[in-house]
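Okay, so here's the structure we're looking at.
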Amino acid sequence: MKFIIILLVTVSLFACANFKKQDNSLSIIENECNEEKILSKKCEILNLKDLSIDEKENLIGWLYLNGGDGVKQDYNKAYFWFEKSALSQNDEALNSLGNIYYLGLGRGKNYIKAEEHYSQAYALGNKDAIFNLAELYRNNGFGKLPDYNKAEEIYRSKIIDNPYKSYEGLSKIYIEKGAFKEAFIYSKKAADLNNPEAEYNLGVFYEKGIYVEKDIEKALYWYERAAKKGHLDAKNNLEVIEFTKSKE
20 MKFIIILLVT VSLFACANFK KQDNSLSIIE NECNEEKILS KKCEILNLKD LSIDEKENLI
80 GWLYLNGGDG VKQDYNKAYF WFEKSALSQN DEALNSLGNI YYLGLGRGKN YIKAEEHYSQ
140 AYALGNKDAI FNLAELYRNN GFGKLPDYNK AEEIYRSKII DNPYKSYEGL SKIYIEKGAF
200 KEAFIYSKKA ADLNNPEAEY NLGVFYEKGI YVEKDIEKAL YWYERAAKKG HLDAKNNLEV
260 IEFTKSKE
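Residue 218 in my numbering sits at position 199 of the sequence shown; the count goes up by one each step and never skips.
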């Protein structure tokens with residue numbers, strides 16, 4: 020019985036110490052707000068009463084990651100706040116740390132740590148993390164040949180949950196493997212769900228005559244759909260085709 024009581028007291032003290040540690044981290048922002056006497060975006064986040072400490076830390080991390088709202092983009096500060104939030108098992112912060120390591124934002128790329136953080140985030144229910152993990156495997160993330168089997172397994176397992184991303188991912192795998200029949204099929208499935216990357220890929224298929232008969236009008240159709248959604252490569256290809264047609 021004494022052992023149980025001592026254990027409970029120890030756990031309680033640890034929990035309190037952890038809370039104070041996180042609370043003190045937000046005091047950095049609180050001090051800034053008091054000094055500036057301006058209600059900045061960071062101050063607004065600090066004053067959100069319905070958010071937990073780790074959720075606030077995660078949002079501040081996002082501010083520094085992307086910049087804007089009076090906050091200068093700073094990857095090191097973004098990492099600092101995501102790491103604080105991740106200590107409380109915040110799945111969004113863990114996923115963001117995975118992105119930082121995968122893309123090498125403010126530090127060297129580390130695919131092992133990216134995989135670790137994506138896996139932890141997914142285990143906590145983050146739906147984006149599993150697709151980031153698939154991209155890591157598909158994109159030669161470990162300095163080896165791409166692990167298409169792992170990536171494909173993930174994409175296929177998530178078709179029901181998220182066909183939009185799953186079909187796009189499968190189409191990319193087959194494009195890279197040169198299996199253009201399958202690539203076309205999955206690109207079409209994703210494009211039917213208004214996926215701009217898939218629409219762009221269909222445009223390339225028709226413009227170049229890959230797997231399908233060359234058809235510039237169909238290429239224009241798919242490029243236009245993708246371009247309307249902001250796809251830059253689709254916009255560029257549209258301009259080139261239209262310029263070429265104007266010279267004929």
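Ideal Cβ positions, reconstructed from N, Cα and C, are used throughout, including at glycine.
First and last residue of the alpha helix (DSSP H) that includes residue i?
| i | result |
| --- | --- |
| isoleucine 260 | 251 to 266 |
| asparagine 168 | 167 to 176 |
| isoleucine 73 | First, the residue type needs correcting, since residue 73 is aspartate and not isoleucine in the sequence shown. Taken as a continuous stretch (DSSP letters only), the alpha helix (DSSP H) holding aspartate 73 covers 72 to 85. |
| lysine 196 | 182 to 196 |
| leucine 164 | Note, leucine 164: premise wrong, no alpha helix (DSSP H); not H, not E. |
| lysine 208 | 199 to 210 |
| asparagine 129 | Note, asparagine 129: premise wrong, no alpha helix (DSSP H); not H, not E. |
| isoleucine 179 | Counting along the chain, isoleucine 179 falls outside any alpha helix (DSSP H), and DSSP gives it neither H nor E. |
| asparagine 151 | 146 to 157 |
| asparagine 214 | Careful: asparagine 214 lies outside any alpha helix (DSSP H) and carries neither H nor E. |
| leucine 65 | 60 to 65 |
| lysine 10 | Outside the displayed span of the chain (20 to 267) sits residue 10, for which this structure offers no information. |
Quick one: what does DSSP say residue i is sitting in, helix, strand or coil?
| i | result |
| --- | --- |
| valine 231 | coil |
| glycine 277 | Outside the shown range of the chain, which is 20 to 267, sits residue 277, and nothing can be said about it. |
| glycine 117 | helix |
| isoleucine 23 | Any reading at isoleucine 23 must be qualified, since the residue scores a pLDDT of 39, below 50, and its modelled position is unreliable; no value is offered. |
| lysine 40 | Any reading at lysine 40 must be qualified, since the residue scores a pLDDT of 39, below 50, and its modelled position is unreliable; no value is offered. |
Leaving out the 5 sequence neighbours to the left and right, which residues in its chain are closer than 7 Å to residue i when beta-carbon positions are compared?
| i | result |
| --- | --- |
| isoleucine 173 | Ile149, Leu152, Ala153 |
| alanine 245 | Pro215, Glu218, Tyr219, Gly222, Ala253 |
| serine 190 | Ala202, Tyr205, Ser206, Ala209, Ala217, Asn220 |
| tyrosine 167 | Arg157, Ile192, Lys196 |
| glutamate 171 | Leu189, Ile192 |
| serine 44 | Glu76, Lys103 |
| glutamate 187 | Ala209, Asn214, Glu216, Ala217 |
| aspartate 234 | Tyr225 |
Between the options, which lies nearest to residue i when the distance is taken from Cα to Cα?
| i | options | result |
| --- | --- | --- |
| isoleucine 119 | Ser104, His136, Ser107 | His136 |
| aspartate 147 | Arg126, Leu113, Leu239, Gly123 | Leu113 |
| asparagine 158 | Lys96, Glu195, Leu45, Asn77 | Glu195 |
| lysine 248 | Tyr230, Glu236, Asn213, Ile229 | Asn213 |
| tyrosine 83 | Gln108, Gly125, Asn50, Ile72 | Gly125 |
| glycine 80 | Ser104, Asp180, Asn66 | Ser104 |
| leucine 106 | Asn50, Glu74, Gly87 | Glu74 |
| glycine 89 | Glu267, Ser59, Arg175, Ala97 | Ser59 |
| tyrosine 3 | Ser115, Val259, Lys200 | A question about residue 3 goes unanswered here, because the residues of the chain that appear run from 20 up to 267. |
| leucine 155 | Ile178, Gly117, Asp180, Arg175 | Gly117 |
| glycine 123 | Tyr141, Ala142, Ala97, Gln108 | Ala97 |
| glutamine 108 | Leu143, Ile64, Ala198 | Leu143 |
| proline 165 | Thr263, Tyr130, Leu67, Ser176 | Tyr130 |
| glycine 127 | Asn95, Phe101, Tyr141 | Asn95 |
Considering only residues of the same chain and omitting the five flanking positions on each side of residue i, which have a CB-CB separation below 6 Å?
| i | result |
| --- | --- |
| glutamine 139 | Leu113 |
| alanine 210 | Ala217, Glu218, Leu221 |
| lysine 132 | Tyr120 |
| glutamate 226 | Ala238 |
| cysteine 62 | Cys52 |
Who are the Cβ neighbours of residue i in its own chain at under 8 Å, not counting the five residues just before and after it?
| i | result |
| --- | --- |
| leucine 257 | Leu239, Tyr242, Glu243, Ala246 |
| asparagine 145 | Asp110, Glu111, Leu113, Asn114 |
Report, in whole angstroms, the separation of the C-beta atoms of residue i and residue j, which I expect to be a contact under 8 Å.
| i | j | result |
| --- | --- | --- |
| asparagine 269 | glutamate 111 | No answer is possible for residue 269: the residues shown for the chain start at 20 and end at 267. |
| isoleucine 48 | leucine 65 | 5 Å |
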